[in-house]
Amino acid sequence: MKKRVAILISGHGSNMEAIIKNSRNGILKDHCEIVLVLSNRENAEGLQIASSYGIETICIISKGKKREDYDLELVSFLKQYELDYIILAGFMRILSSAFIKTFKNRIINIHPADTDKFKGLGAYEWAFNNRLDSTKITVHFVDNGVDTGKVIGKCNVDLKDAKTLSEVKNRGLKVEHKFYSEMLEKVFNEK
Ligand code: GAR
C-alpha cells in the first residue's frame with residue numbers, strides 16, 4: 000500500500016517539487032502518494048507549484064497565533080486525510096509536542112547541515128561564513144528538540160571554490176532534491 004503523505008512548506012518548495020516528481024515518475028512511485036501540500040504562509044510559491052501538479056493545497060496562516068494553538072489547528076485539520084507521514088520541506092516552524100505526539104515517528108525533516116555541527120536556521124549562511132570546503136545535508140525524524148531527532152541519513156555537499164552564498168545554496172539544494180527522496184524511499188521500504 001502506498002503511504003499517504005502531506006508535505007508542509009513555508010516558501011519556494013523546491014524540495015516539495017522534487018518529491019512530487021519522484022512520487023509520480025521516480026523512485027517514490029510505488030511508495031507514496033502526496034495527498035496534500037500545506038503552507039503556513041500565504042505567499043509561499045510552492046502552493047502554486049503543487050496546484051500545477053493537481054495536488055490539493057491549503058494555506059493555514061500561522062502568523063499571530065500561539066504555537067500550540069496553531070499546531071492543534073493543524074492536527075484537527077490533518078485528521079481527515081488519514082496520513083501515514085508528514086514531510087517537512089522548508090517548513091520554517093518549530094512543532095510543539097501536541098503535534099509531534101499525534102504523528103510520533105512519522106514526521107520527517109531535511110536540514111541543510113550536519114545536525115551534529117549546526118542546528119536551527121541559517122545553515123548555508125553558517126557554511127559560507129566559515130568558508131567550509133564541504134557541508135552535509137541531514138534527513139531525520141522530528142522529535143521535541145530542534146534538529147535533534149533520529150538521523151535517517153547524511154549526505155556530503157562539496158563546497159570547494161564556492162564563492163558566493165547563492166552558490167553554496169545552489170550546490171546544497173541540488174543534493175537535497177535527490178537525497179531527500181532517497182531517504183524517504185528507505186523509510187517507506189522499511190515500514
Ligand atoms: C532547504 O534548504 C531546506 O533544507 C531548508 O530550507 C530550504 C527550503 O527550500 N530547511 C530548513 O532550514 C529547516 N530548518 P525549498 O522551499 O526550496 O525546499
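The sequence shown runs 0 to 190 under numbering that gives the first Met the number 0.
We treat Cβ as the ideally placed atom computed from N, Cα and C, and that holds for glycine.
Please read these numbers as outputs of a predicted model, since none were measured by experiment.
Query raised in the report: Measuring from the CB of residue 15, is there a heavy atom of ligand 2 at a distance below 8 Å?
Result: This structure lacks ligand 2; the ligands present are ligand 1.
**Report entry** Whole beta strand (DSSP E) elements within the stretch 29 to 108, 3-residue minimum
**Finding:** For secondary structure counted as the beta strand (DSSP E) over 3 or more consecutive residues, the stretch 29 to 108 holds these complete runs in sequence order: 31 to 38, 56 to 58, 84 to 87.
Query - Whole-angstrom distance between residue 132 and residue 6, CA atom to CA atom - result: It is roughly 31 Å from the alpha-carbon of residue 6 to the alpha-carbon of residue 132.
Report task. Check whether the Cβ of residue 142 lies closer than 8 Å to any heavy atom of ligand 1, and answer yes or no. Result -> The answer is no for residue 142.
Query raised in the report: Do residue 90 and ligand 1 come close, with the Cβ less than 8 Å from some heavy atom?
Result: Residue 90 Cβ: within cutoff of ligand 1.
Query raised in the report: Counting along the chain, where does the beta strand (DSSP E) carrying residue 135 start and finish?
Result: Counting along the chain, residue 135 sits inside the beta strand (DSSP E) bounded by residues 133 to 140.
Query raised in the report: Per DSSP, what kind of secondary structure is residue 24 in: helix, strand or coil?
Result: DSSP places residue 24 in helix when its eight states are reduced to three.
Query - Environment of residue 185 [buried if 16+ CB atoms lie within 10 Å] - result: Burial is judged here by how many other beta carbons sit within 10 angstroms of a residue's own beta carbon; residue 185 has fewer than 16 and is exposed.
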